[in-house]
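Numbering (the UniProt record's numbering), first residue to last: 1 to 593.
C-beta: ideal position from N, C-alpha, C; glycine also.
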Amino acid sequence: MTATLPDRETRPSTDRHRLSVVGGLAALSLDAMASVAYGPEAIVIVLAVAGGTGLGCTLPVTLAIALLLGVLTLSYRQVIAAFPDGGGAYGVSRAHLGRRASLVAAASLIVDYVLNVAVSVAAGVAALTSAFPELRPCTPWLCLGVLALITGVNLRGIAESARAFIVPTAIFVGAILTVVVVGLFRGEPAAATPDHGKSLQTVGILLLLKAFANGCAALTGVEAIANAVPSFRKPRVRRAQRAEVALGGLLAVMLLGIALLIGKFSIHPVDGVTVLSQVTAASLGDGFGFYVVQFSTVVLLALAANTSFGGLPVLAQLLAKHNNLPHVFALRAERQVYRYGVGFLAITSALLLVLADGDMNTLVPLFAIGVFVGFTLSQTGMVRHWLGARPRGWRGKAALNGSGALLTGLAAIVVTATKFGEGGWLVVVALPVLVLAMEWVHRSYRRIGDRLELGRIPSPPRPNRSLVVVPVHTVSLLTRDALAAALSLGDHVEAVHVVHPEDDRAAFVEAWERWHPGVPLVQLHDERRRLGEPLVEHLRKHRGCHVFVLIAEVEPEHPWQRFLQNRRGAVLARALRRRSDAVVCRMRFRVPG
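Below is the structure:
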């Protein structure tokens, strides 16, 4: 007897495995929270050119970024309500702006994921080398080591639960808030800070725009909660909205607090020491509290990099499902891992880290361009959504998303213009290249689909004459098993022996006739010592039937014995697949130990 539990009884057990507000904030806000480690520093590096006068503008620039953060938070709160199944930039653009706009959004997300890994790893290593200066010469190797560790974990399919993220996130947020509160009440720095030089230039609008563009890297990850609404417990929309607002509020408080302390303690860039570590030392000294902040920063940045390994493979799988990426990106390994997406992300991130020599400040200028392209497309798509749906209060909602689209669009222009000469051109080139590549893949799959008549009902299958061809080289147990397998596959079987000038043809024919396997032998003479081409030319004589080629190979007992193989089977199979329509079967003969 089988009983089915009512839905109300099964729902709580399923809901337990979903995210609460706190769990969602911890699991999905790592990208945004981690930006506290490099966002303020990106502002300070630009303003330091103007000396003390420029550094005094750190707070106003951060206020402008916090204002944009507020608009984005409220806008994505509406995205959550409108797209309870997940409202990422790709999904919103595909639904309301068309396929090409969605490809631009997807390209911007891919660039964002890759840069997030590179920047997070570099920033984490920078925090580590700030605490232990003797490790600075090893920065590039440390970056690659951390990346290799994260990649290995993801390839093994070790899934981190939300509970595992809560503790490091809470420690990091608590540590940063402690730095801010203690620093605001401290009269003078707990540790001496180096004096900075005199002003080198006045603060102009271009310098402020450049600082704003650099600091906008702190806004990455704001959209993550909107992408994962289905992961929340019911009521999902309300919980996701609360988590989004909490993320925006916490991030704004931390950014503004760090900016206040930068001005109060006259912090300026120092080679080999991060701005956050200087602020921490000025607020808490260089004792136990300093190391707690540094280590919590390293851990959080590593986890922030890890979130991209969860995001990009899923996005790549979705793009592959829509025929915009090769279908291998949709394949899962035995451990339920999209290993091709993980591999692509690891290789491209490693390449960036090598080119930047592991320097965080070289990578940060590239960061925000793709992010703001995605922001703008998402907000524009939401305006189209409200104009089409027109629910109650739609005008105010459309106005909010329209304001978000306008501000993020302007920010995208400012960020691109100010960062173009600092490496931003790489992102500007990468985005259209990715879009064109995805368009090419889509067209290729469409052509293949037309050839295969996908979506149409084909005519009934009809039996056809078949021929099984077995390439033979010697008379042995391997040959016997191959012919036995061939006879079970079809009624018409022939053995084919390619003869080269120096081969002893008579000896082989004599051995074959003495064995007499009951299978006809065809000998192909080739003066040019080719292996696959003579067989391909022979198969062209059998165009009216289905041809199967059965290649027998020895499977070695130990991996090192593969070096002893002559690779004849691989060469033959490659030639047949390239130049014939034959079905190639490779039969393994296991050698007993």
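Cross-strand partners of residue i (DSSP beta bridge)
i    : result
A246 : Partner(s): none; A246 has no beta bridge.
I205 : Answer is none; I205 lacks a bridge partner.
M587 : A552
A495 : V470, L521
F232 : L19
V270 : V273
H546 : S466
Rounded straight-line distance, which links the Cα of residue j to that of residue i
i    : j    : result
P391 : F83  : 14 Å
P460 : L454 : 15 Å
V519 : F548 : 15 Å
S161 : A211 : Bear in mind that a pLDDT of 49 at S161, under 50, signals an unreliable position, so the number given afterwards is only what the model happens to contain. So the alpha carbons of these two residues sit roughly 37 Å apart.
A131 : V61  : 28 Å
V298 : G341 : 25 Å
Q78  : V71  : 11 Å
A302 : E134 : 21 Å
E555 : F589 : 5 Å
A411 : I369 : 9 Å
G424 : V181 : 36 Å
V173 : G183 : 15 Å
D286 : V292 : 10 Å
L155 : N306 : 12 Å
A34  : G249 : 15 Å
I171 : T348 : 31 Å
R443 : A95  : 20 Å
A107 : L276 : 31 Å
L19  : F232 : 4 Å
V415 : L426 : 13 Å
L25  : R236 : 13 Å
D481 : W512 : 15 Å
A398 : M382 : 7 Å
Q278 : T178 : 15 Å
R579 : V472 : 20 Å
E533 : E223 : 56 Å
L521 : A570 : 22 Å
V583 : R451 : 19 Å
P365 : I225 : 24 Å
L478 : L550 : 12 Å
I176 : L300 : 12 Å
S13  : P463 : Here S13 scores only 46 on pLDDT, less than 50, and its place in the model should not be relied on; the value that follows carries that caveat. Going by the C-alpha atoms only, they are around 53 Å apart.
R567 : P559 : 14 Å
Residues near residue i by beta carbon distance below 7 Å, same chain, minus five either side
i           : result
residue 594 : The structure shown does not extend to residue 594, since the chain is modelled only from 1 through 593, so no value can be given for it.
A430        : V111
M360        : Y38, V119, A122, A123, A126
A66         : A252, L255, L256
K198        : Its pLDDT being 49, under 50, K198 is placed unreliably by the model, and the measurement read from it follows with that caveat. Excluding residues within five positions, the ones whose Cβ falls inside 7 Å are G51.
S102        : Y90, S93, R94
L209        : V414, T418
F367        : L115, V119, A217, T220
Beta carbon of residue i nearer than 8 Å to that of residue j
i    : j    : result
L434 : V117 : no
S266 : G52  : yes
I45  : P269 : yes
L109 : T380 : no
L115 : L251 : no
A105 : G388 : no
M587 : A495 : no
S75  : G404 : yes
V536 : A573 : no
L55  : L47  : yes
Residues near residue i in its chain [Cβ-Cβ closer than 8 Å; skip 5 each side]
i    : result
L5   : With a pLDDT of 41 at L5, under the threshold of 50, the modelled position of this residue cannot be trusted; read the value that follows with caution. There are no such residues.
C143 : V121, A122, V125, L353, G358
G272 : T129, S130, P133, R136
V475 : F508, A511, W512, W515
Cutoff 6 Å; reference residue i; Cβ partners in own chain excluding five residues on either side
i    : result
V21  : R239, R242, A243
Q523 : H497, V499
S378 : A89, V92
T280 : V179, F290, V293
L539 : V547, S580, A582
Residue-chain proximity (residue i, chain D), Cβ-Cβ < 8 Å
i    : result
G145 : The structure shown contains no chain D, having only a single protein chain.
Proximity test, residue i beta-carbon vs the ligand SAM heavy atom, cut-off 7 Å
i    : result
P517 : Among the components of this structure there are no ligands whatsoever, and the ligand SAM is therefore not found.
Length at least 4, wholly inside the segment 334-385: the alpha helix (DSSP H) runs in chain order: 339-355, 360-363
Any alpha helix (DSSP H) of 4 or more consecutive residues that is wholly inside the segment 84-109: 89-96
Runs of alpha helix (DSSP H) wholly within the segment 126-182 (minimum 4 residues, chain order): 139-155
Alpha helix (DSSP H) runs contained entirely in the segment 23-58, provided each spans 4 or more residues: 30-34, 39-47, 51-55
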